[in-house]
Amino acid sequence: MEILNKANRIRLLSLRTPQMRAFHFSWFAFHICFFGWFGIAPLMAVVREDLSLTQTQIGNTIIASVLITVIVRLAIGVLCDRIGPRKTYSGLLLLGSLPVMGIGFANSFETFLLARLAIGAIGASFVITQYHTTMMFAPNVVGTANATSAGWGNLGGGTTQIVMPLIFSGLLMLGVSETLGWRLAMVVPGVVMFVTGIGYWLFTQDAPNGNFAELRARGELPPATGENSAGKSFMAAAKDIRVWALFVVYAICFGVELTINNIAAIYFFDHFDLTLATAGMIAGLFGLMNVFARTLGGVFSDLFARNGGLKGRVRWLFIALVCEGIALIAFSQMHVLSYAIGIMLVFSLFVQMAEGATYGVVPFINKKALGAVAGIVGAGGNVGAVAAAFLFRSEAITYQQGLFYLGVTVLVLASCALVVRFSPEIEAEEAKAYQVAVGEDTGTGVLSLR
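Residue numbers (full-length UniProt numbering): 1 to 450.
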């Protein structure tokens with residue numbers, strides 16, 4: 001059964017419809033989760049001194065911060081299919097706020113590692129964001145909606161690089177010690193997460209026509225049992241080679257972004273001999289590109305689909321990945337700060353457009369197992385981040401060398417995008433759905449203010 005009354009346009013300044021409330025709450029929830037997830041990253045130079053951490057130990061904490069997310073993302077997609085995104089997101093925000101605030105109690109490498117492991121669970125918020133916007137928006141705009149909500153959410157990675165050092169500096173000005181300062185700073189994102197969780201429960205719904213429980217009661221949505229059970233939907237997704245191709249694709253775009261979010265501040269701090277605040281500001285520019293870059297990836301995906309259908313979406317994904325790999329290799333060779341910043345911004349543009357392009361394809365793989373597909377592909381991003389983190393935990397490899405190897409890997413694995421293909425029947429069906437959605441538009445385009 002199809003979800004009815006999906007929006008065919010994004011009305012950016014509107015909160016009147018359930019579609020736009022879900023859009024705005026989902027991107028903000030992901031934003032604050034991202035903020036809390038990587039809130040400690042720009043303060044790692046201080047934490048390193050306070051807890052006497054080695055480079056290997058820092059690398060292990062980076063791995064921990066993204067490792068648990070792999071498992072949680074796999075589960076969270078299935079949970080969305082079963083109970084809906086509203087309940088799932090509210091629960092994740094409320095529970096996830098606890099370790100974010102609690103990391104301040106860490107007093108050794110072991111306790112700090114466990115705290116980062118627990119915090120990593122909130123990275124699964126991405127899957128819920130993509131699921132919820134897919135439930136709410138029509139084929140002609142779903143790529144843009146998914147990319148924009150995820151991009152503005154990922155922006156939390158840039159926000160935290162800038163804001164957390166400022167919060168920390170403000171606490172120092174009030175006379176708080178460095179040892180206590182980084183601990184108190186982490187309370188801020190935790191509190192905002194908790195409040196957002198309450199708001200998500202109160203002001204959103206699962207689909208345009210109501211929550212999943214209501215839709216099932218009215219016969220508008222299949223029951224979450226039998227052929228539509230969580231286990232069977234997951235297995236249907238897991239047996240599809242296209243899902244695993246996108247798993248790899250997301251590993252080399254979002255996985256790379258997670259890695260840069262973790263190492264950028266300390267890389268600029270050490271490599272260019274900058275202050276912590278300056279290094280954080282520069283690192284924040286990488287994440288701030290999410291204001292528009294990921295949206296562009298989704299917009300181009302929808303545009304390529306206009307004439308090229310689903311094949312067009314896949315072609316655009318491949319192009320974005322190749323450009324990402326080239327830009328990352330170039331960034332790894334920069335020794336002049338101004339050049340490094342410029343190339344980093346170009347690299348950031350393409351890595352985030354590749355992410356948007358990926359989730360311009362995901363909604364069309366298997367609509368009956370959307371949560372499972374989104375969860376598996378989303379988990380790929382974290383697997384990529386874990387794999388990349390091993391490059392940066394080794395004392396024998398410099399960060400520059402690690403970035404170069406990462407760029408080469410992206411170029412080689414970009415070809416996985418071309419594995420994603422669709423039957424002629426699905427191509428024709430989706431082309432028709434696209435034209436129907438476009439025909440229902442009033443002519444103001446997929447993006448409007450009201």
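Idealized CB from N, CA, C, for every residue including glycine.
All of these numbers come straight from a predicted model, not from anything done at the bench.
Query                                                                                                                                                                             : Result
As an exercise, report each continuous alpha helix (DSSP H) stretch of at least 4 residues that is fully enclosed by the stretch 250-332, in chain order.                         : 254-271, 276-288, 293-332
Sorted by chain position, which residues of the same chain lie with C-beta nearer than 6 Å to V249's C-beta, five sequence neighbours on each side aside?                         : T358, C416, A417
Got a sec? Which residues, its chain only, sit under 7 Å from N209 by beta carbon, not counting five neighbours each side?                                                        : L4, N5, L215, E220
Taking the alpha helix (DSSP H) that C33 belongs to, which residues open and close that run?                                                                                      : 18-37
So what does DSSP say about R11, is it helix, strand or coil?                                                                                                                     : strand
Where do the ends of the alpha helix (DSSP H) carrying V346 lie?                                                                                                                  : 337-361
Output needed for A237: all residues of its chain with C-beta closer than 7 Å, excluding positions within five of it in sequence on either side, in chain order.                  : V243, N366, A369, A372, V373, I376
Do you know whose CA, among M173, A387, N154, lies nearest V70's CA?                                                                                                              : A387
For M289, does the count of other Cβ atoms within 10 angstroms reach 16, so buried, or fall short, so exposed?                                                                    : buried
Tell me whether A64 counts as near the ligand ZN, meaning its Cβ is closer than 7 Å to at least one heavy atom of that ligand.                                                    : Absent from the structure shown: the ligand ZN. Ligands present: none.
Rounding to the nearest angstrom, what Cα-Cα distance links D50 and G59 in this structure?                                                                                        : 16 Å
Out of curiosity, what's the CA-to-CA distance linking D206 and G84?                                                                                                              : 6 Å
Taking Cβ positions, are P189 and I32 nearer each other than 8 Å?                                                                                                                 : yes
Which of the three DSSP states is assigned to F137 in this structure?                                                                                                             : strand
For S348 and Q400, which I take to be in contact (beta-carbon distance under 8 Å), what is that distance rounded to the nearest angstrom?                                         : The pair is not a contact, with the Cβ atoms about 17 Å apart (cut-off 8 Å).
With distances taken between CB atoms, is the gap from G123 to V187 smaller than 8 Å?                                                                                             : no
Please classify G439 as buried or exposed, where buried requires at least 16 neighbouring CB atoms within 10 angstroms.                                                           : exposed
State the Cα-Cα distance for the pair A330 and I343, rounded to the nearest angstrom.                                                                                             : 7 Å
Go to K87, then tell me how far its alpha helix (DSSP H) extends in each direction, as first and last residue.                                                                    : 85-102
Please look up how many angstroms separate the CB atoms of A251 and V383, rounded, as I've assumed it's under 8 Å.                                                                : 5 Å
Provide the residue(s) that pair with G210 in DSSP beta bridges, ordered along the chain.                                                                                         : A207
Pick out whichever of I68, L74, P99, T17 has its Cα sitting closest to the Cα of F137.                                                                                            : T17
Could you name the residues of the same chain whose beta carbon sits closer than 7 Å to that of A45, not counting the 5 residues immediately before and after it, in chain order? : I266, F269, L276
Taking 7 Å as the limit between beta carbons, can you name the residues of its chain near F109, skipping five residues before and five after?                                     : L51, L53, Q57
Assuming T196 and A29 form a contact by the criterion Cβ under 8 Å, report the distance between their Cβ atoms to the nearest whole angstrom.                                     : 5 Å
Using only the alpha-carbon positions, how far apart do L310 and V436 sit?                                                                                                        : 16 Å
By how many angstroms is the C-alpha of C253 removed from the C-alpha of T351?                                                                                                    : According to the sequence shown, residue 351 is Val rather than Thr. Each residue's Cα considered, the two are about 5 Å apart.
Can you tell me the Cα-Cα spacing of P99 and G312, whole angstroms?                                                                                                               : 42 Å
Is A150 helix, strand or coil by DSSP?                                                                                                                                            : helix
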